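Engineer:
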Amino acid sequence: MPTMSYRDAIRQAMLEEMRRDPAVVVFCEDARFWTMPTHGFVDEFGPERVPIMPISEEGFTGAAIGAAMTGLRPIVDYTIANLMYVAWDQIVNHAAKNRYLFGGQASVPIVFRAAMKYANATAAQHSDRPYPQLMNVPGLKIVVPSNPADALGLLKSAIRDDDPVVYFEPLRLWGTKGEVPEGEHLVPLGKAAICREGTDVTVVAIGDAVPAALKAAEVLSGEGVDLEVVDPRTLVPLDKATILDSVAKTGRLVIADPAHKTCGAAAEVAAIVAEEGFASLRAPIVRVVAPDVHPPFSPALEALMYPSPARVIAAVQSVAPAELMAR
Amino acid sequence: MKTEEQLEAMRRMLRIRRFEEAVMDIVRKGQGIAGAVHICVGQEATIVGSCLALRDDDFMVGYHRSHGHPIAKGAQLRPLMAELMGRRTGVCRGKGGSMHLADFRVGSLGETAIVGAGIPQAVGAAYGARLRGTDQVALCFFGDGAANIGSFHEGLNLASLWSAGVVFVCENNRYAMSTALADTMAAGSVAERAASYQMPGTIVDGQDVISVFEAVSMAVERARAGEGPTLIEAHTYRYRDHAEYGNLKLSHRPEDEVEEWRRRDPISVFSAQLLASGVAEEELREIEEQVAAEVADAVAFAKASPAPDPDELFDDLWATPLEVH
Ligand SMILES: Cc1ncc(C[n+]2csc(CCOP(=O)(O)OP(=O)(O)O)c2C)c(N)n1
Ligand SMILES: [Mg+2]
Numbered sequence: 001m002p003t004m005s006y007r008d009a010i011r012q013a014m015l016e017e018m019r020r021d022p023a024v025v026v027f028c029e030d031a032r033f034w035t036m037p038t039h040g041f042v043d044e045f046g047p048e049r050v051p052i053m054p055i056s057e058e059g060f061t062g063a064a065i066g067a068a069m070t071g072l073r074p075i076v077d078y079t080i081a082n083l084m085y086v087a088w089d090q091i092v093n094h095a096a097k098n099r100y101l102f103g104g105q106a107s108v109p110i111v112f113r114a115a116m117k118y119a120n121a122t123a124a125q126h127s128d129r130p131y132p133q134l135m136n137v138p139g140l141k142i143v144v145p146s147n148p149a150d151a152l153g154l155l156k157s158a159i160r161d162d163d164p165v166v167y168f169e170p171l172r173l174w175g176t177k178g179e180v181p182e183g184e185h186l187v188p189l190g191k192a193a194i195c196r197e198g199t200d201v202t203v204v205a206i207g208d209a210v211p212a213a214l215k216a217a218e219v220l221s222g223e224g225v226d227l228e229v230v231d232p233r234t235l236v237p238l239d240k241a242t243i244l245d246s247v248a249k250t251g252r253l254v255i256a257d258p259a260h261k262t263c264g265a266a267a268e269v270a271a272i273v274a275e276e277g278f279a280s281l282r283a284p285i286v287r288v289v290a291p292d293v294h295p296p297f298s299p300a301l302e303a304l305m306y307p308s309p310a311r312v313i314a315a316v317q318s319v320a321p322a323e324l325m326a327r
Numbered sequence: 328m329k330t331e332e333q334l335e336a337m338r339r340m341l342r343i344r345r346f347e348e349a350v351m352d353i354v355r356k357g358q359g360i361a362g363a364v365h366i367c368v369g370q371e372a373t374i375v376g377s378c379l380a381l382r383d384d385d386f387m388v389g390y391h392r393s394h395g396h397p398i399a400k401g402a403q404l405r406p407l408m409a410e411l412m413g414r415r416t417g418v419c420r421g422k423g424g425s426m427h428l429a430d431f432r433v434g435s436l437g438e439t440a441i442v443g444a445g446i447p448q449a450v451g452a453a454y455g456a457r458l459r460g461t462d463q464v465a466l467c468f469f470g471d472g473a474a475n476i477g478s479f480h481e482g483l484n485l486a487s488l489w490s491a492g493v494v495f496v497c498e499n500n501r502y503a504m505s506t507a508l509a510d511t512m513a514a515g516s517v518a519e520r521a522a523s524y525q526m527p528g529t530i531v532d533g534q535d536v537i538s539v540f541e542a543v544s545m546a547v548e549r550a551r552a553g554e555g556p557t558l559i560e561a562h563t564y565r566y567r568d569h570a571e572y573g574n575l576k577l578s579h580r581p582e583d584e585v586e587e588w589r590r591r592d593p594i595s596v597f598s599a600q601l602l603a604s605g606v607a608e609e610e611l612r613e614i615e616e617q618v619a620a621e622v623a624d625a626v627a628f629a630k631a632s633p634a635p636d637p638d639e640l641f642d643d644l645w646a647t648p649l650e651v652h
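The listed protein sequences correspond, in order, to chains C and V.
Each residue of the first sequence is one higher than the one before, starting from 1 at the first, in the numbering used here.
Each residue of the second sequence is one higher than the one before, starting from 328 at the first, in the numbering used here.
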């Protein structure tokens, strides 16, 4: 299998879909700059499909909605997730609602790409992980890939999807490399992945908490604790069955998510398991998430924010069966 | 400008230049400035000429390229450098960093990392001043790229409707990241957009500190008199790339364009003018030396300052810390 970086997987997905379907267009500031995954797209697809964008997020998001309702499939790249807030009205009030408001007449097949720049010392206005806010908006599908193969396959599915999809990229994964299947690779929205099978504790991990959880699993396996790591991959729709089945097996659940605690993605997973899998639980559910405070600039403080292998290990140790921890 | 003021302008331009050079040096050597760093070297005349037209109690709103702006407004260097290094002695206690310098003691209401977001905030500061019965003015800086975002247009309209005492200074350095203004703006200039909002709009040579000072002074006078806002477009240039990217060379511009602008370096041009007008060379050298010492002191202070303690993570989130029951 070929190896590819997460960033190149995103590029590859867009390239393949743009070559396949002339309705796919890209709205992105600085799309031509060579650091961008869209570098070279203007040369291949022309400035009509990859227009030069002013700093006008609200404007070009609205334009994408109009184009989508009339037959195009825009990919809107905000480059930094926080910049979506400038277009919040268009995303939340319009893209998410138009199909419903207009009684099914409107289709809004847009992919909103949002790289999340946290853990990068860029402070609170550039470091948000806004997917839980949008999980609260019916009508938006939400994707957070954790590795290159999923980044490729999920983005291609998102582009082909007839609903608006918000595609979140943990920027610190951009450089990570991984194997990608040869040929066309599509990953369906709404299907979780079991990244590691195990019997003792389930760790549901989101985005770059997945590599942290896998690291933790490696360490803990040396101590005789066997983690099962589940990556939901899409938060809307959420693959409840895979999570509930895993918890049915282990009886213990840790959720690792770099987003905020209150009303977060982890809170939703916890609520679902408490409601629908209560009988399986043999220990309290533990969340390893960002505390409810803005990402501070100072790297010394920001280091306290997101799930790390050490934090996952501590959480697992607090719920793992006593006989295992005693070993 | 009187000679005293001219020397102060020189001092502040040099402070910015040397401060930024120290920042670049620390970034290059990996000595403790993390994150995105947008250097304003090349734009000092616009920044200083504008700020010197203000009173100490006036307000100033910066943007992401605003290390120099609080300096021009009179801020001390130590807390600014410590902030860039994420120390607890930083002006924002390590919470803001390079894109969020703010020093309320000198009326610097902060930088924002969201392009254009400061524009309506400056309008609000001017509106508030009038409501509170003061004649404080708000000076609002932003880049050419910001002129295409909604908050620019909404901000200018509100300012005009309210006759707010705000002076908009667009630092037109020709690019927004890698994108040339000519490729993204339907209008021929930022200044001509003032006409749509019933306010004066002028273009000044942003490399000439005296021209900037004079244009902004007139606008400040008008603002203070309650006659409303002004839009000033200063033509200037950033010598560095959009941001410091370690040692990567990412430039999107022709080298000779950078060289051409460097030949009209605002500090060299002004220092030649000062010498020609009879200022003694020693006097300039003395300013140079004092500024170099101040910057060295700020760097030493920042490096010697401790990082914030983990328990400072939640400080300053709320006016009244939440009581959790
Ligand atoms: C709303 C928003 N969109 C995009 C960005 C990303 N971005 C940061 S700076 C910048 C260019 C700004 O150009 P300009 O206003 O001319 O200021 P300059 O950097 O040239 O000083 C862009 C696109 C942002 N921070 N905020
Ligand atoms: Mg610019």
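The C-beta atom is built at its ideal place from N, Cα and C for all residues, glycine as well.
Since we're looking at a predicted model, the values are computed, not measured.
If you measure beta-carbon to beta-carbon, which residues of the segment 507 to 530 of chain V are closer than 8 angstroms to chain C?
Structural biologist: Here the close residues are Asp510, Thr511, Met512.
Engineer: According to the neighbour-count rule (16 or more other Cβ atoms, all chains shown, within 10 Å of its Cβ), is Phe346 of chain V buried or exposed?
Structural biologist: Looking at its Cβ environment, which holds 16 or more other Cβ atoms inside 10 Å, Phe346 of chain V is buried.
Engineer: At a Cβ cut of 7 angstroms, what residues of the segment 422 to 440 of chain V count as close to chain C, listed as they run along the chain?
Structural biologist: Cβ contacts with chain C come from Lys422, Gly423, Gly424, Met426, His427, Thr439, Ala440.
Engineer: Beta-carbon of Ala456 of chain V versus every beta-carbon of chain C: anything under 8 angstroms?
Structural biologist: So, not an interface residue.
Engineer: Could you compute how far the alpha carbon of Ala372 of chain V sits from the alpha carbon of Ala303 of chain C?
Structural biologist: Rounded to the nearest angstrom, the two C-alpha atoms are 38 angstroms apart.
Engineer: How about Glu571 of chain V and Ile366 of chain V: do their beta carbons lie closer than 8 angstroms?
Structural biologist: Closer than 8 angstroms, so yes.
Engineer: With 8 angstroms set as the bound, which would you pick, yes or no: does the beta-carbon of Pro54 of chain C sit closer than that to a beta-carbon of chain V?
Structural biologist: Yes, Pro54 of chain C lies at the interface with chain V (some Cβ there is under 8 angstroms from its Cβ).
Engineer: Quick check on His394 of chain V: buried or exposed, where buried means 16 or more other Cβ atoms within 10 Å of its Cβ?
Structural biologist: Result: buried.
Engineer: Does the beta carbon of Ala473 of chain V fall short of 7 angstroms from some heavy atom of ligand 1?
Structural biologist: It does: the Cβ of Ala473 of chain V is within 7 angstroms (strictly closer) of some heavy atom of ligand 1.
Engineer: Heavy atom of ligand 2 less than 7 angstroms from the Cβ of Asn500 of chain V, yes or no?
Structural biologist: Answer for Asn500 of chain V: yes, Cβ within range of ligand 2.
Engineer: Tell me, please, which residues DSSP counts as bridged to Lys141 of chain C.
Structural biologist: According to DSSP, which records beta bridges pairwise, Lys141 of chain C is partnered with C:Val165.
Engineer: Between Gln125 of chain C and chain V, is any beta-carbon pair separated by less than 8 angstroms?
Structural biologist: Taking Cβ atoms only, chain V reaches closer than 8 angstroms to Gln125 of chain C, which makes this a yes.
Engineer: Rounded to whole angstroms, what is the Cα-Cα separation between Tyr524 of chain V and Ser490 of chain V?
Structural biologist: Tyr524 of chain V and Ser490 of chain V: Cα-Cα distance of roughly 11 angstroms.
Engineer: How long is the line joining the alpha carbons of Asp21 of chain C and His39 of chain C, rounded to whole angstroms?
Structural biologist: So the alpha carbons of these two residues sit roughly 19 angstroms apart.
Engineer: Establish whether the CB of Gly59 of chain C and some CB of chain V are separated by less than 8 angstroms.
Structural biologist: It does; some Cβ of chain V falls within 8 angstroms.
Engineer: Using beta carbons (cut-off 8 angstroms, strictly below), is Phe641 of chain V in contact with chain C?
Structural biologist: Phe641 of chain V counts as touching chain C.
Engineer: Below 8 angstroms between beta carbons: does that hold for Val547 of chain V and Tyr566 of chain V?
Structural biologist: Not closer than 8 angstroms, so no.
Engineer: Taking only the alpha-carbon atoms, compute the straight-line gap between Thr563 of chain V and Ala149 of chain C and give it to the nearest angstrom.
Structural biologist: Rounded to the nearest angstrom, the two C-alpha atoms are 45 angstroms apart.
Engineer: Would you say Val547 of chain V faces chain D, with C-beta separation under 8 angstroms as the test?
Structural biologist: No chain D is part of this structure, whose protein chains are labelled C and V.
Engineer: List, in order along the chain, the chain V residues whose C-beta lies closer than 7 angstroms to that of Ala300 of chain C?
Structural biologist: Gly413, Ala634, Pro635, listed in chain order.
Engineer: At a Cβ cut of 7 angstroms, what residues of the segment 452 to 477 of chain V count as close to chain C, listed as they run along the chain?
Structural biologist: Per Cβ criterion, the list reads Gly472, Ala473, Asn475, Ile476, Gly477.
Engineer: Does at least one heavy atom of ligand 2 sit under 7 angstroms from the Cβ of Ala570 of chain V?
Structural biologist: Ala570 of chain V Cβ: outside cutoff for every heavy atom of ligand 2.
Engineer: Anyone know if the C-beta pair for Asp383 of chain V and Val433 of chain V falls short of 8 angstroms?
Structural biologist: Yes, these two residues count as a Cβ contact at 8 angstroms.
Engineer: What is the rounded straight-line gap between the Cα of Met36 of chain C and the Cα of Ala87 of chain C?
Structural biologist: If you take the alpha carbons of Met36 of chain C and Ala87 of chain C, they lie about 21 angstroms apart.
Engineer: Using a Cβ-Cβ cut-off of 8 angstroms, state whether Pro170 of chain C counts as contacting chain V.
Structural biologist: Judged by the 8 angstroms Cβ criterion, Pro170 of chain C is not in contact with chain V.
Engineer: Which chain C residues sit within Cβ distance under 9 angstroms of Leu644 of chain V?
Structural biologist: Ordered by position in chain C, the residues that pass the 9 angstroms Cβ test against Leu644 of chain V are Asp292, Val293, His294.
Engineer: Taking 7 angstroms as the cut-off, is the C-beta of His391 of chain V nearer than that to any heavy atom in ligand 1?
Structural biologist: Yes.
Engineer: Output the distance between the C-alpha atoms of Val651 of chain V and Gly528 of chain V, rounded to the nearest integer angstrom.
Structural biologist: When rounded, the distance between both Cα atoms is 52 angstroms.
Engineer: Are Ile68 of chain C and Pro74 of chain C touching if we call contact CB-CB under 8 angstroms?
Structural biologist: A quick correction: the sequence has Ala, not Ile, at residue 68 of chain C. In contact: Ala68 of chain C and Pro74 of chain C (Cβ atoms closer than 8 angstroms).
Engineer: Do you know how far the Cα of Gly71 of chain C is from the Cα of Ala235 of chain C?
Structural biologist: Correcting the residue type first, residue 235 of chain C is Leu in the shown sequence and not Ala. Spanning the two alpha carbons is a distance of roughly 27 angstroms.
Engineer: Just to check my reading of the structure: Val409 of chain V and Ala629 of chain V have Cβ atoms closer than 8 angstroms, yes? What is that Cβ distance to the nearest angstrom?
Structural biologist: Note that residue 409 of chain V is Ala in the sequence shown here, rather than Val. About 4 angstroms separates the two Cβ atoms, so the contact holds.
Engineer: Is Ser443 of chain V near ligand 2, in the sense that its beta carbon is under 7 angstroms from a heavy atom of that ligand?
Structural biologist: Contrary to the premise, residue 443 of chain V reads as Gly rather than Ser in this sequence. Result no, Cβ not under 7 angstroms from ligand 2.
Engineer: Using the beta-carbon count (16 or more within 10 Å), is Leu288 of chain V buried or exposed?
Structural biologist: The structure shown does not extend to residue 288 of chain V, since chain V spans only 328 to 652, so no value can be given for it.
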